[in-house]
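Protein chains in written order, with this note's numbering: chain A, 13 to 655; chain B, 14 to 112.
Every residue gets a Cβ at the ideal spot worked out from N, C-alpha and C, and that includes glycine.
Taking it in order: structure first as structure tokens, then the write-up.
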Amino acid sequence: MDISPAQGLIAASWLLIALPLAGAAVLLLGGRRTDRWGHLLGTATVVLSFVLGLLCTVQLAGLDEGGRSVGVDLFTFISAGDLDVHAGLLFDPLSAAFVLLITGVGSLIHIYSIGYMAHDPGRRRFFAYLNLFVAAMLLLVLGNSYLALYVGWEGVGLASYLLIAFWYTRPAAATAAKKAFIMNRVGDVGLALAIFIMFAQFGTTSFAGVLGSADLLAGGIATALGLLLLLGACGKSGQFPLQAWLPDAMEGPTPVSALIHAATMVTAGVYLVARMNPLYDLTETGQVAVAIIGTITLLIGAIIGCAYDDIKKVLAYSTVSQIGYMFLAVGLGPYGYALGIAHLLAHGFFKAGLFLGAGSVMHAMNDNVDMRHYGGLARVMPITFVTFGLGYLALIGFPPLSGYFTKDAIIEAAFAAPGWQGWTFGLLATIAAGLTAFYMTRLMFMTFFGEKRWKKLTSPDGHAYHPHESPAVMTAPMIVLAIGSVGAGFFLTQGHRLANWLTPSLGELLEREGPLPAATISTLVLVCSAVGVLVAWLAVGRRPTPVERPRHVSLPVRAARRDLYANAINEALIATPGTWLARFLVYVDNRGVDGVVNGTAALLGGSSGRLRRLQTGFVRSYALTMLGGAVLVVAGLLAVRFV
Amino acid sequence: MTLSWYLVLAAILFTIGAVGVLVRRNAIVVFMCVELMLNSVNLTLVTFARATGTLDGQIMAFFVMVVAAAEVVVGLAIIMSIYRTRRSASVDDVNLLKY
């Protein structure tokens, strides 16, 4: 990787991070004085960042292909002896794609939040955290070393924690935030260990230094690095076995779910694997591990998504599943890196759109998230319905919308994997596409069609429901995202546009011959999705939905409702033994360590209590003692003298 | 007459003094026994000075007498004040300062 020095606007690309960071600082330090205009400032900084990112990308596109990895050296971060760590940015096509996604979708969601959070007393705090998130996320994708990436990585973790627990007075939100933070920490251990290994092996953590000399690594260390980084990626991206935090993270405000837990932060794992591509190319084990994790996750996400009635949790499991597709893609190596990123960008549009739509529906339904209480909203909220519907079609891969191009490409590449992998990955991904169609169609039917079940209900605060379309400040971002959902896939994959753009970062997108022709696979996926839609219509759309959740359900549904027992397994395997270990250590500390210390003190205290009794107060006993002592001394002297 | 008789006498006097200190309760008697022990030591010192033909022991004996005189002053004063408060000169009654 050759890095050329930055010139022109790109040299100022640190402003991309600095602007939202300054916004966050002003809003957090300014306190209530900034309440009136805080949301406007927060939105403005991100929009400015987007404009700057766009200009930088245009400048980057103007450079010739070999010089599109532009480095910006900022300052010396750590300097001690031989160790010299510089903080710097790397602006290359991959970073540029992420910058545009983050600031673009980020701007739209900031605008949406102005309306969504209008009546919330903590709106300023909300925008401060959102700005903090955008700054950290930009640092994550722009940093030129793993250390910088790690700072951003932890920054987005913090912002995610703060935003999930935004309504911190609700115990569920506080618990979910802690769960997200702790499960992320498990993954972060992997990333931190990988960075330590890099320091030990290369003496540097810069992308150029590590990836440039990755060929020199012994195979075992490359595999270890690959697996450790995969652990980090799994934590951040909600992949198996660390997926359980992501659905709970939906306790946060809906714009947060859209921006952080669907479009940007949770895709950081995909970015990490793609960024590490020269290393993963060296380790077959690492690559296959990534692909297997992706396949498992895309399947369990899709299965669980079918059983939930909470609109945001269905979308959350859909996110888990779609990121599984991205992992599968980047696990395929040079045959899939660009496909994974393409799906990531397209997913960023339609999933953000879907979440904003869900937020709009919740807004109309007094923040009720139970789809069994919805129904027939299509007529009441036409704009939400249309934008949500376009996102839905994009997600299930309806041609020619986004998902059709990006997801099909991944499934085709998966089929082409060698040996057992091809059929396994390909077929499972196809089945999951059918499940995706099922749960999303179910969601559409339950929310927008059928009878108006909310008419019979009163909301928890005792009022009747009066669903209404959301204000323009909320619908406008939804419309823009819907346009993205429709066009992004075609735009990105047309003539391998994105793959060619990413070539300087990810290498050429390779293709290989699979066991089935592309047209067959495409048809297979479409048929599978159509079956999913049909089954959803037969099961949900055709007959009325009960308002009460059915209790007696089949075994698979029960398992899916309990997240395929992910929480129970975590509890049994990690939490409970951890509690036991802690109790045991407390016991050892109380009885063992404290016992030794307290025992010594008690021994000394007790024996001095006994010795004290020698002080009787009788002068004549003292005199006898003195005499005895004197006799002893004399006897001793005589003994020394004469014996 | 050999000097060893003086030493034997001093030993006898010292023993009487020591036993007196240990067995008697009356503070005045205990005090006199202490004086007896001091003077037996003085006798020893003088005897040895005579035996070696030097003056060191005799000078030391004078020092002991001076110290003993000072000690008598302080000691008797203490015994007097204890007697005034407790109406007793028994050393066993003065046993408040203990564990």
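Terminal residues of the beta strand (DSSP E) in which residue i lies
i         : result
A/Val-645 : Element bounds for A/Val-645: not the beta strand (DSSP E) but the alpha helix (DSSP H), 631-654.
A/Leu-469 : Run containing A/Leu-469: none; DSSP gives neither H nor E here.
A/Val-4   : The structure shown has nothing for residue 4 of chain A, since chain A only spans 13 to 655.
A/Leu-95  : 95-103
Buried or exposed by the 16-neighbour rule on C-beta atoms within 10 Å, applied to residue i
i         : result
A/Arg-465 : buried
A/Leu-101 : buried
A/Val-605 : exposed
A/Pro-412 : exposed
A/Ile-557 : Note on residue identity: the sequence assigns Thr, not Ile, to residue 557 of chain A. Label assigned to A/Thr-557: buried.
A/Tyr-173 : buried
A/Asp-575 : buried
A/Gly-360 : buried
A/Met-638 : exposed
A/Leu-616 : exposed
B/Glu-39  : For the sequence presented, residue 39 of chain B should be read as Asn rather than Glu. Looking at its Cβ environment, which holds fewer than 16 other Cβ atoms inside 10 Å, B/Asn-39 is exposed.
A/Glu-263 : buried
A/Asn-610 : exposed
A/Ser-25  : buried
B/Thr-57  : buried
A/Arg-182 : exposed
Extent of the continuous alpha helix (DSSP H) to which residue i belongs
i         : result
A/Thr-297 : 296-317
A/Gly-526 : Premise fails: A/Gly-526 is in no alpha helix (DSSP H) and is neither H nor E.
A/Phe-367 : 349-376
A/His-385 : No alpha helix (DSSP H) holds A/His-385; DSSP gives it neither H nor E.
A/Leu-729 : In this structure chain A extends from 13 to 655, so residue 729 of chain A is not present and cannot be described.
A/Asp-606 : 606-623
B/Val-107 : Run containing B/Val-107: none; DSSP gives neither H nor E here.
B/Glu-84  : 69-99
A/Ile-395 : 394-408
A/Tyr-180 : That residue, A/Tyr-180, is in no alpha helix (DSSP H); it is neither H nor E in DSSP.
A/Gln-334 : 323-343
A/Ile-29  : 26-42
A/Asn-602 : Here A/Asn-602 belongs to no alpha helix (DSSP H), and DSSP marks it neither H nor E.
B/Met-50  : 40-65
A/Asp-260 : 257-260
A/Leu-455 : 431-460
A/Thr-418 : 414-427
CA nearest to the CA of residue i, picked from the options
i         : options                                   : result
A/Gly-507 : A/Ala-614, A/Gly-74, A/Phe-417            : A/Phe-417
A/Thr-515 : A/Ala-148, A/Arg-80, A/Ser-620            : A/Arg-80
A/Leu-585 : A/His-122, A/Leu-64, A/Phe-219, A/Leu-254 : A/Leu-254
A/Ala-245 : A/Gly-388, A/Trp-165, A/Gly-621           : A/Trp-165
A/Ile-423 : A/Leu-340, A/Gly-474, A/Gly-43            : A/Leu-340
A/Val-82  : A/Asp-104, A/Ile-304, A/Val-97            : A/Asp-104
Under 8 Å between C-beta atoms of residue i and residue j
i         : j         : result
A/Thr-46  : A/Val-59  : no
A/Thr-661 : A/Leu-351 : Shown here, chain A extends from 13 to 655; a query on residue 661 of chain A therefore has no answer.
A/Phe-87  : A/Ala-73  : no
A/Lys-248 : A/Gly-215 : no
A/Asp-321 : A/Asp-260 : no
A/Ala-186 : A/Leu-239 : no
A/Phe-4   : A/Ile-308 : Given a span of 13 to 655 for chain A in the structure shown, any question on residue 4 of chain A remains unanswerable.
A/Ala-148 : A/Val-117 : no
B/Leu-49  : B/Leu-26  : yes
B/Leu-20  : B/Arg-63  : no
B/Met-78  : B/Asn-108 : no
A/Ala-711 : A/Ile-15  : Because chain A here runs from 13 to 655, residue 711 of chain A falls outside it and cannot be looked at.
A/Ile-126 : A/Ala-364 : no
B/Tyr-112 : A/Arg-624 : yes
A/Ala-18  : A/Val-84  : yes
A/Met-456 : A/Gly-401 : yes
A/Thr-442 : A/Leu-536 : yes
A/Phe-410 : A/Ala-548 : no
A/Ser-497 : A/Ala-572 : no
Proximal chain C residues relative to residue i, where beta-carbon distance stays under 7 Å
i        : result
B/Ala-31 : The structure shown contains no chain C; its protein chains are A and B.
Check: residue i C-beta below 7 Å from any heavy atom of the ligand MN
i         : result
A/Leu-521 : The model depicted lacks the ligand MN and carries no ligand whatsoever.
Under 8 Å: do the segment 470-480 of chain A and the segment 392-409 of chain A share three or more Cβ pairs, one atom per stretch? The answer is yes - the segment 392-409 of chain A touches the segment 470-480 of chain A, with three or more Cβ pairs under 8 Å.
With three or more beta-carbon pairs closer than 8 Å as the criterion, would you say the segment 320-336 of chain A touches the segment 271-278 of chain A? Yes, the segment 320-336 of chain A is in contact with the segment 271-278 of chain A.
Using 8 Å as the threshold, is the segment 291-299 of chain A in touch with the segment 345-354 of chain A, meaning 3 or more CB pairs across them? A contact exists between the segment 291-299 of chain A and the segment 345-354 of chain A.
Could you say if the segment 216-234 of chain A and the segment 263-270 of chain A meet the contact criterion of at least three C-beta pairs nearer than 8 Å? Judged by Cβ distances under 8 Å, the segment 216-234 of chain A makes no contact with the segment 263-270 of chain A, as fewer than three pairs qualify.
Quick test of the definition: if touching needs 3 or more C-beta pairs under 8 Å, does the segment 367-378 of chain A touch the segment 541-552 of chain A? Three or more Cβ pairs closer than 8 Å define a contact, and the segment 367-378 of chain A falls short of that threshold against the segment 541-552 of chain A.
Below 8 Å, can you find three or more Cβ-Cβ pairs linking the segment 490-501 of chain A to the segment 130-149 of chain A? Under the three-pair Cβ rule at 8 Å, the segment 490-501 of chain A does not count as touching the segment 130-149 of chain A.
If we count Cβ pairs, one from each stretch, closer than 8 Å, do we get three or more for the segment 584-604 of chain A versus the segment 628-648 of chain A? As far as the Cβ criterion goes, the segment 584-604 of chain A does not touch the segment 628-648 of chain A, which means the pair count is below three.
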